[in-house]
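Position in the sequence shown counted from 1, then plus 998, gives you the working numbering. Just so you know, even glycine gets a beta-carbon here, dropped at the ideal spot from N, CA and C. These notes are about the structure you will find just below.
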Amino acid sequence: MLFLFLSVLLSVVLLLNFRLFPRYDVNTFQAIVFNYPICFLTGYLLLPAGQSFTIDFSQTWTWLALGLGVGFILTFMLSGASTQRMGITVTSLANNLSLVIPVCFSLFVFQAGGKVFDALNYLGLILAVVAVGLSTYKKETNELSVETPVLEGQPAPSPVTPRRLGANVLLPVAVFLFYGATNTMINYMNIRYISSADKTIVVMLTMVLGAVVAGLVMLIVRVIQGKEVIQGRNLIGAVTLGVPNFLSFYTLLLALSQFGGNGAFVYPLYNIGVILIAALMAAVFFREKLSVANKIGLALAVLAIGLISWQELAG
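What follows is the structure, encoded as structure tokens:
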């Protein structure tokens, strides 16, 4: 249970980083780009004794892992933008409820997991989608403004004309879809290509390498365009982001191993833990206000996750 608890805390730390970056004038884009080399270094130091990291481009899973790495950095950027513009609790909900997507693919496409869904499980899936919609609802007013954009270098909004939320309400939806898609691909790779658990860190490092390459290419282009100036505080932000980023995923995998790979038991507890702790942190440290709809969405999120895995939780 210790690894599961650590994974929950580390995942919340990621969201707290995104929320604090604007306060300390950290460029979120640069912090995300540089966080992946930190992730790689963290994972490399955790390689078991006697193992080394190599890339075999003749393997299909290698290319899928590299592609997933690109998907990770895009998803991370969306998560950062959503946290800053829509709030930590809303983003946490969208992130964690994305488990609906891999669950559906597992049921109807991969037909894996050895579990037959009943009426309560399907009700949970429906409630999860409703919860995402309610949790992302924000009432627009003329006084509502948006915080600094993730990708800096864009013209600043006029101080006399506050920016409205507008399309920003779609950010948590994008987080939901991107996290769901990447988790679905991870499940597919585990089913189709990953044969043994001793490849865990090697596969993780390959994914991270894909994110490193994609992020550095994007950064170089923006530096050449004059839209980015690399600063030391962004590198510090990369460290505070990169270490918990890798460790949150790694401890989650350790938790799965601890419970015999029972993802149907671990993932609901993990998601419920992140949602509740993230909401608590947002209320205590950032005074985030939730509307009635947001509170209903939070309650439905917990109920939905419980219904999806009520058999495992009851057992």
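Secondary structure of N1357, DSSP reduced to three states: The question about residue 1357 has no answer here: the residues shown for the chain are numbered 999 through 1313.
Boundaries (first-last residue) of the alpha helix (DSSP H) holding K1293: Along the sequence shown, one-based indexing puts residue 1293 at 295. K1293 -> alpha helix (DSSP H) spans V1290 to I1306.
Rounded distance between the beta-carbons of G1295 and S1133, thought under 8 Å: Against the sequence shown, residue 1133 aligns to sequence position 135. Against the sequence shown, residue 1295 aligns to sequence position 297. Their Cβ separation, rounded to whole angstroms, is 3 Å, which keeps S1133 and G1295 in contact under 8 Å.
Which listed residue (V1221, V1290, L1250 and Y1022) has its alpha carbon closest to that of P1266: Indexing the sequence shown from 1 puts residue 1266 at position 268. When only C-alpha atoms are compared, the closest one is L1250.
Identity of the residue in A1253, L1118 and I1184 nearest L1305 by Cα: Looking up residue 1305 in the sequence shown gives position 307. Of the candidates A1253, L1118 and I1184, the one whose C-alpha sits nearest the C-alpha of L1305 is L1118.
Backbone CA spacing between A1277 and N1243 [nearest angstrom]: Looking up residue 1277 in the sequence shown gives position 279. Looking up residue 1243 in the sequence shown gives position 245. When rounded, the distance between both Cα atoms is 19 Å.
Three CB pairs or more closer than 8 Å across the stretch 1093-1103 and the stretch 1225-1239: no
Residue nearest to A1212 in terms of C-alpha spacing, selected from L1066, L1002, S1056 and R1021: The residue given as residue 1212 occupies position 214 in the sequence shown. Comparing Cα positions, the closest option is L1066.
Validate contact between the stretch 1053-1061 and the stretch 1197-1209 using beta carbons, cut 8 Å, 3 pairs: yes
Cβ neighbour criterion (16 or more within 10 Å) applied to P1160: What you label residue 1160 is simply residue 162 of the sequence shown in a count that begins at 1. Reliability of the predicted coordinates at P1160 is poor, the pLDDT of 44 falling under 50, and the value obtained from them is presented with this limitation in mind. That one is exposed.
Residue closest to L1039, alpha-carbon to alpha-carbon, out of V1210, R1220 and V1264: Position 41 of the sequence shown, counting from 1, holds the residue named residue 1039. The shortest Cα separation from L1039 among V1210, R1220 and V1264 belongs to V1210.
Three-way DSSP call (helix, strand, coil) for L1076 in this model: Residue 1076 sits at position 78 when you count from the first residue of the sequence shown. L1076: helix per DSSP, three-state reduction.
Terminal residues of the alpha helix (DSSP H) in which A1117 lies: The residue given as residue 1117 occupies position 119 in the sequence shown. First-last of the alpha helix (DSSP H) with A1117: A1117 to S1133.
Given 8 Å, three or more beta-carbon pairs between the stretch 1062-1079 and the stretch 1223-1234: no
Contacts around I1318, its chain only, beta-carbon distance under 7 Å, and the 5 residues preceding and following it disregarded: Outside the displayed span of the chain (999 to 1313) sits residue 1318, for which this structure offers no information.
Other residues of its chain near L1014: CB distance less than 7 Å, five sequence neighbours each side excluded: Residue mapping note: residue 1014 aligns to position 16 of the sequence shown, counting from 1. Excluding sequence neighbours, L1014 sits near M1279.
Top-ranked residue by Cα proximity to V1107, from M1183, F1074, P1035 and R1083: As a first step, residue 1107 must be located in the sequence shown, where it is residue number 109. When each option's Cα is compared against that of V1107, the closest is M1183.
Whole runs of the alpha helix (DSSP H) within the stretch 1165-1221, excluding any shorter than 4 residues: 1169-1190
Proximity below 7 Å, CB of R1017 to CB of I1086: Reading the sequence shown from its first residue, position 19 is the one you call residue 1017. Reading the sequence shown from its first residue, position 88 is the one you call residue 1086. Against a cut-off of 7 Å, the Cβ pair of I1086 and R1017 comes out as a contact.
Backbone secondary structure at P1157 - three-state DSSP: The residue you call residue 1157 lines up with position 159 of the sequence shown. Unreliable placement is indicated for P1157, whose pLDDT of 43 sits below 50; no coordinate value is reported for it.
Beta-carbon gap between F1001 and T1073 smaller than 7 Å: In the sequence shown, residue 1001 corresponds to position 3, counting from 1. In the sequence shown, residue 1073 corresponds to position 75, counting from 1. No. Outside cutoff.
A1302 and A1129 closer than 7 Å at C-beta: Walking along the sequence shown from the start, residue 1302 turns up at place 304. Walking along the sequence shown from the start, residue 1129 turns up at place 131. Against a cut-off of 7 Å, the Cβ pair of A1129 and A1302 comes out as a contact.
Residue range of the unbroken alpha helix (DSSP H) whose run includes A1092: Here residue 1092 corresponds to residue number 94 of the sequence shown, with the count starting at 1. I1086 to N1094 is the extent of the alpha helix (DSSP H) around A1092.
Distance between V1024 and L1288 (C-alpha atoms, nearest Å): Here the question's residue 1288 lines up with position 290 in the sequence shown. Here the question's residue 1024 lines up with position 26 in the sequence shown. Roughly 26 Å between the two C-alpha positions.
Whether V1098 touches L1123 by CB criterion (7 Å): Here residue 1098 is taken as the residue at index 100 of the sequence shown, counted from 1. Here residue 1123 is taken as the residue at index 125 of the sequence shown, counted from 1. Closer than 7 Å, so yes.
F1019 classed as buried or exposed, judged by whether at least 16 other C-beta atoms fall within 10 angstroms: The residue you call residue 1019 lines up with position 21 of the sequence shown. Buried: at least 16 other Cβ atoms inside 10 Å.
Closest Cα partner of N1166 within the set V1101, Q1082, G1208 and K1225: Indexing the sequence shown from 1 puts residue 1166 at position 168. Comparing Cα-Cα distances from N1166 to each of V1101, Q1082, G1208 and K1225, the minimum goes to Q1082.
I1030 versus M1075 - alpha carbon distance: For the purposes of this step, residue 1030 is taken as the residue at position 32 of the sequence shown. For the purposes of this step, residue 1075 is taken as the residue at position 77 of the sequence shown. Computed Cα separation, rounded: 7 Å.
6 Å Cβ shell around L1274 - same chain, five flanking residues per side excluded: As a position in the sequence shown, residue 1274 is number 276, starting the count at 1. Correct list: empty, nothing qualifies.
Between the CA atoms of G1208 and L1214 - distance to the nearest angstrom: As a first step, residue 1214 is located in the sequence shown; it is residue number 216 there, counting from the start. As a first step, residue 1208 is located in the sequence shown; it is residue number 210 there, counting from the start. L1214 and G1208: Cα-Cα distance of roughly 10 Å.
CA-to-CA distance, S1077 to V1173, given in whole angstroms: Start at 1 with the first residue of the sequence shown, and residue 1173 comes out as number 175. Start at 1 with the first residue of the sequence shown, and residue 1077 comes out as number 79. Cα to Cα, the separation comes out at about 6 Å.
Presumed contact (8 Å Cβ cut-off) between L1105 and F1115, rounded CB distance: Working through the sequence shown from its first residue, we reach residue 1105 at position 107. Working through the sequence shown from its first residue, we reach residue 1115 at position 117. Their Cβ separation, rounded to whole angstroms, is 6 Å, which keeps L1105 and F1115 in contact under 8 Å.
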